[in-house]
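A.B. asks: This is the structure I have questions about; it appears just below.
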DNA sequence: AAAAGTATCGGGAACGTTTGCGGATACGTT
DNA sequence: AACGTATCCGCAAACGTTCCCGATACTTTT
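Residue numbers (the working numbering), protein chains in the order written: chain R, 1 to 389; chain P, 390 to 778.
Quick look at the structure:
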């Protein structure tokens, strides 16, 4: 027979439906509803899960309160040297590791900066990461890196995750697909600092770290012109990205300055991908009146074109001049070396990181969103150095 | 006059010192000590800090309990369609973002995998990251990446941070300095899954993902021998790393098989750094009886040596054969292409990630620590293809 | 109509910290 | 005695979730 847990009555117990597939009873005497707990649940396994020592464990061990332990561990005042010593010793002995999750929850901060980059394959972003990483670790921050893989969808999903994980700030370089910026506006609304770098956009009120793309492109094209190239093609990036537009502007400005006609069928704006580079490269080289030089938006595209030209027996730099952008490691080694624009990758990372730290420290101060422009450098190698004439 | 907050007595109140610069009183009647709370503290500024909408806010807005909201948001049963709908709508309207920190705390899991790599500069680790990233995101996990910068101290610090942040599993490739493994044992003790890759070690009971370094080295050296090289030097990595030892073994085995004498002054074990490579390279090339081929532990060292040789006017591959390891991007493009060992970097990442997911799912099952060995491939290029004779 | 079953919801503990505020004691000074 | 000061420590409320137990109202069966 079943006894009522409340009035201990035995006779007046009746079934009263099910709850979560367990029989439910009611005692008609005291009108108390109840279910029977599984006896196999009361097995000796007290705490099945591996227990991590907590502040409370330490407190119990040496007979103080957990506030005291917390304060002792953090070197607060109001704790006697003896108590502090005892706490520290016990913590070491019990192999205490603080639970950052609990800390984060109560402090509403994570000491973590998020970083979203579109890709890892080129050397550019890894180098930016190294720079940012150095500054952030120095300041006691962690860096969580995600890659959007050049996909807008993934980028949005990444920002959501970052948001849910309550990062203290976000560093982001946009994908080539990104046209909508709602997912970034959220950070403004939430008051979470945000810094864009390299692949930036307008329409979002946040600091931006970029390089002087216009000048760089201008210099590159000017360099080609001064080396006697006339009909210079441009293989650019997607136009929704500011970098692409700036580089295009630089290209046009240089052409105009030196009175070169821009042949619009030799200006192509494409996606950043090896496959696309190959397609556009083939198109350019197969033109019946093909260009005598190409300024490409990045080194991998430039190299792709160089290889195709060499295959076709087109001599570089004599018959075709090539300039890339970014100075990838392989660019120095390919024969003839690829002339390119070196970007201060480490500096970009450092600057971005420093800026977000400032924003975090400046406690809601209304920092006018500004833009930092870092300087690039033209690295002249064989691919564009034509013996004059 | 001041009244006792406890007995409301007015006459028996006396001053009783200060606490935190505030006047303290005692009621002689009930012996109750107290201070007066500042009236200016009750200012209208309710919540100064920016408030993120929580589950509780939603609950209040539509008049249900937070348990209901939680269940509705997670698509649990026991919630009527109408309520669920109302909750979802209100959540969207209030722009609710779940607080992952609170979730993590209560669930004791973070859905985050940590990854510690020694460096970013070579293309190897970025590619491994790409592979691991793909698997992990697919499985709904985040990836937090840290770099130890080839420093043991930083590596230890990184593991501590990972531990404090309660990652669900760790993927790690050791630094070249790492000789002590206590910081990894902690993960075993805590029951946190751990997988080592590439730079692995013995002395730690965890799965390891490596490549067939011995075979690869053997094949590389054999290839040199078959191309007519006789006196082959080896520029290896630090011997505390298993990779270095395996590659050295492979080198020796190949030399022995073909009856070539290993000249011990031409076997150098150094650190992974460009500077060291330059020093050792100079040493090797300046030997009065210099080697006619070099098998290097990685491509950057190999390339460094190639450049030095070219400067000295040593012809490659005729006077000096060179084989590297890893197939960096630049290796395909340098002078005569660099013969090297291609590692399945993406596969390494994927395998490592898959394994840690298995460990997490397998709930404390005693998986015997095993080792997975992935296959490499010899990529023959110009630096070792000598016209026989 | 009583008994049994179903569907839907709420209360509240737990997760491990931090921290504001008050309590207790000890000792010195009027 | 009465009061002042300093030092050290504890209580308990957050932080935002999840989830175990129920509780309530209604429908269906006996």
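Note that CB positions come from ideal geometry on N, CA and C, so glycine has one too.
1. If contacts are defined as beta-carbon pairs under 8 angstroms, then residue 587 of chain P and residue 562 of chain P qualify, I think. What distance do you get, rounded to the angstrom?
2. Any beta carbon from chain R within less than 8 angstroms of residue 544 of chain P's own beta carbon?
3. Taking just the CA atoms, how far does residue 334 of chain R sit from residue 719 of chain P?
4. Is the Cβ-Cβ distance between residue 666 of chain P and residue 694 of chain P less than 8 angstroms?
5. Rank R:383, R:298, R:338, R:342 by C-alpha distance to the C-alpha of residue 121 of chain R and give the top, closest one.
6. For residue 759 of chain P, count neighbouring C-beta atoms within 10 Å of its own C-beta (all shown protein chains included) and say buried if the count is 16 or more, exposed if not.
7. Give the DSSP-derived three-state secondary structure of residue 629 of chain P in the structure shown.
8. Please name the residue in R:312, R:286, R:224, R:12 whose C-alpha comes closest to that of residue 296 of chain R.
9. Compare the Cα-Cα distances from residue 598 of chain P to each of P:671, P:744, P:453, P:678 and report the closest residue.
10. What ranges does the alpha helix (DSSP H) occupy inside the stretch 146-218 of chain R, keeping only unbroken runs of at least 4 residues that lie completely in it?
11. Taking the C-alpha atoms as reference points, what is the distance between residue 6 of chain R and residue 448 of chain P?
12. Any beta carbon from chain P within less than 8 angstroms of residue 344 of chain R's own beta carbon?
13. Taking C-alpha atoms, which residue in P:623, P:592, P:619, P:482 lies nearest to residue 707 of chain P?
14. Threshold first: 3 residues or longer. Then list the beta strand (DSSP E) segments lying entirely within the stretch 45-122 of chain R, N to C.
15. Output the distance between the C-alpha atoms of residue 589 of chain P and residue 574 of chain P, rounded to the nearest integer angstrom.
16. On the CB-based measure, 16 or more other CB atoms within 10 Å of its CB, does residue 27 of chain R come out buried or exposed?
17. Counting pairs of beta carbons, one from the stretch 530-546 of chain P and one from the stretch 130-149 of chain R, are three or more of them closer than 8 angstroms?
18. Go ahead and pull the three-state DSSP assignment for residue 18 of chain R.
19. If we count Cβ pairs, one from each stretch, closer than 8 angstroms, do we get three or more for the stretch 517-528 of chain P versus the stretch 452-461 of chain P?
20. Between residue 788 of chain P and chain R, is there a C-beta pair that is closer than 8 angstroms?
21. Exposed or buried, residue 419 of chain P, counting other C-beta atoms within 10 Å across all chains shown (16 or more means buried)?
22. Among the residues of its own chain, which have a CB less than 6 angstroms from the CB of residue 611 of chain P, if the five just before and after it don't count?
23. Is there a C-beta anywhere in chain P that falls below 8 angstroms from the one on residue 130 of chain R?
24. Which same chain residues end up closer than 8 angstroms to residue 248 of chain R when comparing Cβ atoms and leaving out the 5 residues on each side of it in sequence?
25. Name the chain P residues that come within less than 9 angstroms of residue 164 of chain R, Cβ to Cβ?
26. Starting from residue 667 of chain P, follow the alpha helix (DSSP H) in both directions and report where the run begins and ends.
27. Closest to residue 504 of chain P by C-alpha separation, out of P:465, P:672, P:584, P:683, would be which residue?
28. Can you find a CB in chain R that lies within less than 8 angstroms of the CB of residue 393 of chain P?
29. Determine the closest residue to residue 163 of chain R out of R:151, R:154, R:183, with distance taken between C-alpha atoms.
30. State yes or no: is the beta carbon of residue 145 of chain R nearer than 8 angstroms to at least one beta carbon in chain P?
31. Return the Cβ separation of residue 324 of chain R and residue 310 of chain R in integer angstroms, given the expectation that the two are a contact with Cβ distance under 8 angstroms.
32. Going by C-alpha distance, which of P:425, P:766, P:523, P:446 is nearest residue 410 of chain P?
33. Once the 5 residues before and after residue 735 of chain P are set aside, which same chain residues still bring their CB inside 7 angstroms of it?
34. What residue does the alpha helix (DSSP H) around residue 376 of chain R start on, and which one ends it?
35. When you compare only the Cα positions, how much space is there between residue 61 of chain R and residue 94 of chain R?
36. Can you pull the chain R residues whose beta carbon is under 7 angstroms from the beta carbon of residue 550 of chain P, in chain order?
C.D. replies: So, from the listed chains and residues:
1. Translated into the one-based positions of the second chain, residue 587 of chain P becomes position 198. Translated into the one-based positions of the second chain, residue 562 of chain P becomes position 173. Right, the Cβ-Cβ distance comes to about 5 angstroms (below 8 angstroms), so this counts as a contact.
2. Taking the second chain and counting its residues from 1, one reaches residue 544 of chain P at position 155. Taking Cβ atoms only, chain R never reaches closer than 8 angstroms to residue 544 of chain P, which makes this a no.
3. Locating residue 719 of chain P in the second chain gives position 330, where the first residue counts as 1. Locating residue 334 of chain R in the first chain gives position 334, where the first residue counts as 1. About 7 angstroms.
4. Reading the second chain from its first residue, position 277 is the one you call residue 666 of chain P. Reading the second chain from its first residue, position 305 is the one you call residue 694 of chain P. Yes, these two residues count as a Cβ contact at 8 angstroms.
5. Sequence index remark: in the first chain, residue 121 of chain R carries index 121 (1-based). Cα-wise, what sits closest to residue 121 of chain R is R:298.
6. Taking the first residue of the second chain as 1, we reach residue 759 of chain P at position 370. So residue 759 of chain P ends up on the exposed side.
7. Counting from 1 along the second chain, the entry for residue 629 of chain P is found at position 240. Three-state DSSP puts residue 629 of chain P in coil, outside helix and strand.
8. Within the first chain, numbered from 1, the residue matching residue 296 of chain R stands at position 296. That would be R:224, whose Cα lies nearest to the Cα of residue 296 of chain R.
9. Taking the first residue of the second chain as 1, we reach residue 598 of chain P at position 209. Nearest option by C-alpha distance: P:744.
10. 152-164, 182-190
11. Locating residue 6 of chain R in the first chain gives position 6, counting from the first residue. Locating residue 448 of chain P in the second chain gives position 59, counting from the first residue. Their backbone Cα atoms lie some 33 angstroms apart in a straight line.
12. What you label residue 344 of chain R is simply residue 344 of the first chain in a count that begins at 1. No, its Cβ sits nowhere closer than 8 angstroms to a Cβ of chain P.
13. Here the question's residue 707 of chain P lines up with position 318 in the second chain. Answer by Cα proximity: P:619.
14. 112-117
15. Your numbering for residue 589 of chain P matches position 200 in the second chain. Your numbering for residue 574 of chain P matches position 185 in the second chain. Whole-angstrom Cα-Cα distance: 14 angstroms.
16. Your numbering for residue 27 of chain R matches position 27 in the first chain. Result: buried.
17. yes
18. Taking the first chain and counting its residues from 1, the one referred to as residue 18 of chain R is at position 18. Strand.
19. no
20. There is simply no residue 788 of chain P to check, as chain P begins at 390 and stops at 778 in what is shown.
21. Working through the second chain from its first residue, we reach residue 419 of chain P at position 30. Burial call: exposed.
22. Here residue 611 of chain P corresponds to residue number 222 of the second chain, with the count starting at 1. 643, listed in sequence order.
23. Start at 1 with the first residue of the first chain, and residue 130 of chain R comes out as number 130. Judged by the 8 angstroms Cβ criterion, residue 130 of chain R is in contact with chain P.
24. Stepping through the first chain from its first residue, residue 248 of chain R is reached at position 248. For residue 248 of chain R, where only same-chain residues beyond five positions count, the Cβ hits under 8 angstroms are 217, 234, 236, 239, 267, 269.
25. Start at 1 with the first residue of the first chain, and residue 164 of chain R comes out as number 164. Going along chain P in sequence order, the residues near residue 164 of chain R (Cβ under 9 angstroms) are 486, 487, 488, 489, 490, 492.
26. The residue labelled residue 667 of chain P in the question sits at position 278 within the second chain. Counting along the chain, the alpha helix (DSSP H) containing residue 667 of chain P begins and ends at 663-675.
27. Indexing the second chain from 1 puts residue 504 of chain P at position 115. Among P:465, P:672, P:584, P:683, the Cα nearest to that of residue 504 of chain P belongs to P:584.
28. Position 4 of the second chain holds residue 393 of chain P. With 8 angstroms as the cut-off, residue 393 of chain P does not count as an interface residue toward chain R.
29. As a first step, residue 163 of chain R must be located in the first chain, where it is residue number 163. For residue 163 of chain R, the nearest C-alpha among the options comes from R:183.
30. Counting from one through the first chain, the residue named residue 145 of chain R turns up at place 145. Answer yes: the Cβ-Cβ gap between residue 145 of chain R and chain P drops below 8 angstroms somewhere.
31. Taking the first chain and counting its residues from 1, the one referred to as residue 324 of chain R is at position 324. Taking the first chain and counting its residues from 1, the one referred to as residue 310 of chain R is at position 310. Not a contact, Cβ separation roughly 15 angstroms.
32. Taking the second chain and counting its residues from 1, one reaches residue 410 of chain P at position 21. That would be P:425, whose Cα lies nearest to the Cα of residue 410 of chain P.
33. For the purposes of this step, residue 735 of chain P is identified with residue 346 of the second chain, where counting begins at 1. For residue 735 of chain P, where only same-chain residues beyond five positions count, the Cβ hits under 7 angstroms are 516, 519, 520.
34. For the purposes of this step, residue 376 of chain R is identified with residue 376 of the first chain, where counting begins at 1. Note, residue 376 of chain R: premise wrong, no alpha helix (DSSP H); not H, not E.
35. For this step, residue 61 of chain R is matched to residue 61 along the first chain. For this step, residue 94 of chain R is matched to residue 94 along the first chain. Distance between the alpha carbons of residue 61 of chain R and residue 94 of chain R: 10 angstroms.
36. Here the question's residue 550 of chain P lines up with position 161 in the second chain. Neighbours of residue 550 of chain P on chain R, chain order: 142.
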